[in-house]
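For the record, the sequence lines run as chains A and B.
Quick note: the first sequence uses our numbering, first residue 1, plus one each step.
Quick note: the second sequence uses our numbering, first residue 1, plus one each step.
Read the structure below first, then the notes.
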Amino acid sequence: MAYEPVLTRHVGDQDAYTLDAYVAKQRGYEGLRKALTQKPGEIIDLVKASGLRGRGGAGFPTGLKWQFVLKDTPKPKYICCNADESEPGTFKDHVLMERNPHLLIEGCAIACYAIGAKVAYIYIRGEFYHVQQVLEAEIEKAYKAGFLGKNIFGSGFDCDVFVHRGAGAYEAGEETALIESLEGKRAQPRIKPPFPAVAGLYQCPTAVNNVETLCNVPLIMMNGPEWFTALGPEKNGGPKLYCISGHVKRPGVYEASMHTTLRELIYGEQFAGGMIDEHPFKAIIPGGSSVPLLLDKDLDTPASFDDVQKAGSLLGSAGLIVLNDTVCMVWLAKNLLYFYRHESCGKCTPCREGGDWLFKLLTRIEQGEGQAKDIDLLFGVASNIAGKTLCAFGDAAATPVLTTLKLFRHEFEAHVREGRCTIPAEWRARQPMLAGHH
Amino acid sequence: MEYAPAKFHKSARKLAPAGETFTYSPENQRRFDEIVTRYPPDQRKSAILYALYLAQNQNGGHLTAAAMDHVAEQIRCTSAEVEDVVSYYTMFFTKPVGKYVLNVCRTLSCALLGAERVTEELCAKLGIKPGETDASGTFTLLEVECLGACDRAPVVMVNDDWHERLSPEQAGKFIDDIRAGGAAAFTGCHLHKEKK
Ligand SMILES: Cc1cc2nc3c(=O)[nH]c(=O)nc-3n(C[C@H](O)[C@H](O)[C@H](O)COP(=O)(O)O)c2cc1C
Ligand code: SF4
Ligand code: FES
C-alpha cells in the first residue's frame, strides 16, 4: 500500500500555509480542542503510547521528556521549539514552518497544555527571516481565531506562542545552548545535570522539542497512538521527513514511513530519482553531517532510528547527503571540519582547539604536503575529542574524520604518497556537473 | 606546524569604533518596547538579539560602539555584555558592510554542487576576497555555513533575502542583475515564492 503523506500532504497547495486551508483540509485545531477536554497527564500518556521519538537528532521519546518536566513547582514552565535547523544537510523544518505553520503552532499549544506551560518560544535561526515572517503572520491569525491567547475554547487554558530570532550559530541548536541564547547570552551549552526538565529557561522546568516532533503531536491527538505506531516499524512509528541533497536527480524533502530503505530514498522514482549523472554512488551521510558514512552494501537498511544505528551510523536529523565517485574523502572531511572549527562554541578545549588541529592537518594532507604520520595524528586528535567534551558537538566534529579514515584510509594514504589528490582533476567535487541538474 | 592559539575564533575580541551618537528612531523604540513584553519582566536580556537587529538595520547594516551602548541602556545591562553577544553571533557586523551582503553557503551539499567556484567567480567579478567589501561599497562577500536549503544548492543569502541554485557560470551575471535591478534579481526561497 502506498504511503499517504500526513505532514506534507498539502504543502504543494497555493494556500497550504493559511489558517483557512489548515482548518478545512487538515481538520486544523481539532487536536487542540480534543486535548483540552482531557487532563494534561492523559495527553502525556497518549504521546508515550504513540512512541513518538524526537526528530531533532537524538530520537529520544517525547512523551518521556514531557513526563520528566517537574510538576510540583510554583515556577512557570516553558516549551522551547527548536527551529534552529542548522545541521548541514537538513532542511525539513524549513518546509514545515513555511508551508504548514499551523501544524507547528497547534503542536506548541498542545505541548504547553501537556506540561503545564503557558508560553512556547519558537527559536528560529536568524537566516530563516522569510520563514519567520510567515510564521509570525500565521500566529497572529491563530490568536484572532481564538486558538491562542486567553481561555482557549472556553477551557480556561491560556497559551502564548512567540517566535524568537537567532543570529547565526549552529551551536544554538543544542538544547541548553538554545536556552542560553534565548536568555540573551552566547549560545554555549550548560553542564548537565540539571536537565532542562528541571532547570531550563530562566531556571524553570522546560521541554525543548524539534519542529517536526511538535508537528506530529496534533496528528497523534486526532488519530490516536495506534494509528501512529502502525505507520512505521516497531519503536519507529509515525511519518518521517527525509532531506535528500547532494548528487541526486531530485534533491528535496520527502515524507515516508521508516520502513523505507535508504536505497529507495535515493533511487525511488517518487523520491530522489537516482544519481545525478553517469557517475556512480560512492557513499551516503544518512543523518546530517555529524554521523558516520554508509556504503552501497548498507543501502537496503530501512531509514529508521534503530536500523540505521544497527548499520553503524545514525539517522540523526534525517539529512541524507548523497555522494558520487567524484568526491574526494579528504576534501569532504576538510569541508566539514572547516564547518565544525568555525561553529565550535569554544567552551571546552578538546573541541575548540582539536577542531582547529584537525582542520590544519586535513588541509595539509589535502594539499599534498602531508606526511605518513599525519594520518595517525589525525586519528589520535579525533579520538581525543570524541566522548571528551561538554556537549555532543565534540563527537559530531570528530565523526567526519573518524568515518572517512575508517572507510577510505587509502585515499589519505594516496594523498601522502602521491603528493596530490588522486581523484581525476576534472572530476573533483569542486567542478560539479550542473548540466544534468535542474 | 607550529602551535598558536586559534585565531579565527568567535571569541576573538575586536572593539567596534565608537561611531556617531545613536538612539532608536521612535518607530524602533516602539517595536523594542513591544517585543520586550514577550519575556518575563525580569528577563529583558532575552530581547537583546532583537534589539541588536533593530540597531544594526537602523545604522545601515553594522553596529557601532554607540549603537551597542544604546542597546545596553535599553536592555539595562553593561556594554560589555552586549559586546559579548555581538562577538559570538555571525549575523552582526562591527564594520561597515556593502548595501548587499552576499552570504555564499560553503558547506558540504552546496560545495558538492560548485559553491567553491561560485565564490571564486564572485571574487573575480568584484575584485575582492571573502570578508571584503568592494570599492563602491555595494557588495560585501562572505562565506557562511549551511543555510538549511541544501536541496537548492548552491544557495546565497543576500541580506535577509535568498537566491537559490546559483551556478558558477551565472555568478557574474548575478552581480550585473543586482546592479541593474536590485532585489528583483533574487529568486527568493522557492517555498516562499510558489505561494504567491
Ligand atoms: C551541536 C548540536 C546541534 C543541534 N542542532 C539542532 C537543531 O538545529 N535542531 C534541532 O531540532 N535539534 C538540534 N540538536 C538536538 C537538540 O539538542 C535536542 O536534542 C533537540 O532539539 C530535542 O528535540 P527532539 O527531542 O524533539 O528531537 C542539536 C544538538 C547538538 C549537540
Ligand atoms: S563540545 Fe564544542 S560546542 Fe560543545 S560545549 Fe564544548 S566547545 Fe562548545
Ligand atoms: S549546505 Fe548549503 S544550504 Fe545546506
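Even glycine gets a Cβ: it sits at the ideal position worked out from N, Cα and C.
Query: CA-CA distance, residue 220 (chain A) and residue 138 (chain B)?; Result: 51 Å
Query: Using 8 Å as the limit for Cβ to Cβ distance, is residue 54 (chain B) near chain A?; Result: no
Query: Since residue 249 (chain A) and residue 273 (chain A) are thought to touch, with beta carbons under 8 Å apart, how far apart are those beta carbons, to the nearest angstrom?; Result: 4 Å
Query: Please list the partners that residue 102 (chain A) has in chain B, where partner means a Cβ-to-Cβ separation under 7 Å.; Result: Those do not exist, as residue 102 (chain A) stays about 14 Å from chain B at its closest Cβ, beyond 7 Å.
Query: What is the DSSP secondary structure of residue 240 (chain A), reduced to helix, strand or coil?; Result: strand
Query: Whose beta carbon lies closer than 5 Å to any heavy atom of ligand 4, going through the chain in order?; Result: The model on display carries ligand 1, ligand 2 and ligand 3 but not ligand 4.
Query: Could you work out which residues of chain A lie near residue 145 (chain B), taking near to mean beta carbons separated by less than 9 Å?; Result: 86, 88, 168, 170, 338, 339, 342, 343
Query: DSSP on residue 174 (chain A), reduced to helix/strand/coil?; Result: coil
Query: Taking all protein chains shown into account, decide if residue 280 (chain A) is buried (16 or more other Cβ within 10 angstroms of its Cβ) or exposed.; Result: exposed
Query: Please list, in chain order, the residues of the region 109 to 131 of chain B that have any C-beta partner in chain A closer than 7 Å.; Result: 109, 111, 112, 113, 114, 116, 117
Query: Taking its Cβ as the centre, do 16 or more other Cβ atoms sit within 10 Å of residue 237 (chain A), making it buried, or is it exposed?; Result: buried
Query: Nearest by alpha-carbon distance to residue 161 (chain A): which of A:179, A:182, A:105 is it?; Result: A:105
Query: Just tell me which of B:72, B:169, B:56 has its CA closest to the CA of residue 122 (chain B).; Result: B:169
Query: Give a yes or no on whether 8 Å exceeds the smallest Cβ distance from residue 100 (chain B) to chain A.; Result: no
Query: Quick one: does the C-beta of residue 398 (chain A) sit closer than 7 Å to a heavy atom of ligand 1?; Result: no
Query: Suppose contacts are defined by Cβ-Cβ distances below 8 Å. Is residue 32 (chain B) in contact with residue 63 (chain B) by that definition?; Result: no
Query: Is it buried or exposed, residue 200 (chain A), if we count other Cβ atoms within 10 angstroms and call 16 or more buried?; Result: buried
Query: Give, in chain order, every unbroken run of the beta strand (DSSP E) that is at least 3 residues long and sits entirely within the region 20 to 57 of chain B.; Result: none
Query: Does the region 64 to 71 of chain A come within contact of the region 191 to 208 of chain A, defined as at least 3 CB pairs closer than 8 Å?; Result: yes
Query: If we define contact as Cβ-Cβ less than 8 Å, is residue 421 (chain A) a contact residue for chain B?; Result: no
Query: Assign residue 424 (chain A) to one of two classes, buried (16 or more other C-beta atoms within 10 Å of its C-beta) or exposed (fewer than that).; Result: exposed
Query: I need the straight-line Cα distance from residue 149 (chain B) to residue 310 (chain A), nearest angstrom please.; Result: 29 Å
Query: Just curious, the alpha helix (DSSP H) that residue 186 (chain A) is in, first and last residue?; Result: Counting along the chain, residue 186 (chain A) falls outside any alpha helix (DSSP H), and DSSP gives it neither H nor E.
Query: Just the chain A side, please: which residues come within less than 8 Å of residue 85 (chain B) by C-beta, in chain order?; Result: 184, 185, 186
Query: Compare the beta carbon distance of residue 102 (chain B) and residue 133 (chain B) with 8 Å and say whether it is the shorter of the two.; Result: no
Query: Can you determine whether any heavy atom of ligand 1 sits closer than 7 Å to the C-beta of residue 289 (chain A), and answer yes or no?; Result: no
Query: Name, please, each residue of chain A whose Cβ falls closer than 7 Å to the Cβ of residue 46 (chain B).; Result: 182, 183, 184
Query: So residue 176 (chain A) and residue 193 (chain A) are supposed to be a Cβ contact under 8 Å. How far apart are they, rounded?; Result: Actually they do not touch by this definition, with Cβ atoms about 11 Å apart.
Query: Between B:109, B:23, B:180, which has its C-alpha nearest residue 57 (chain B)'s C-alpha?; Result: B:23
Query: Can you pull the chain B residues whose beta carbon is under 8 Å from the beta carbon of residue 332 (chain A), in chain order?; Result: 108
Query: So that I know if they touch, is there some Cβ in chain A lying closer than 8 Å to that of residue 88 (chain B)?; Result: yes
Query: Between A:15, A:32, A:147, A:23, which has its C-alpha nearest residue 217 (chain A)'s C-alpha?; Result: A:32
Query: Comparing the C-beta of residue 171 (chain B) with each C-beta of chain A, is any distance below 8 Å?; Result: no
Query: Considering only C-alpha positions, which residue in the set B:34, B:49, B:107, B:177 is nearest to residue 289 (chain A)?; Result: B:107
Query: By the criterion of Cβ-Cβ separation under 7 Å, what are the contact partners of residue 289 (chain A) in chain B?; Result: 108
Query: Just how far apart, CA to CA, sit residue 181 (chain A) and residue 166 (chain A)?; Result: 8 Å
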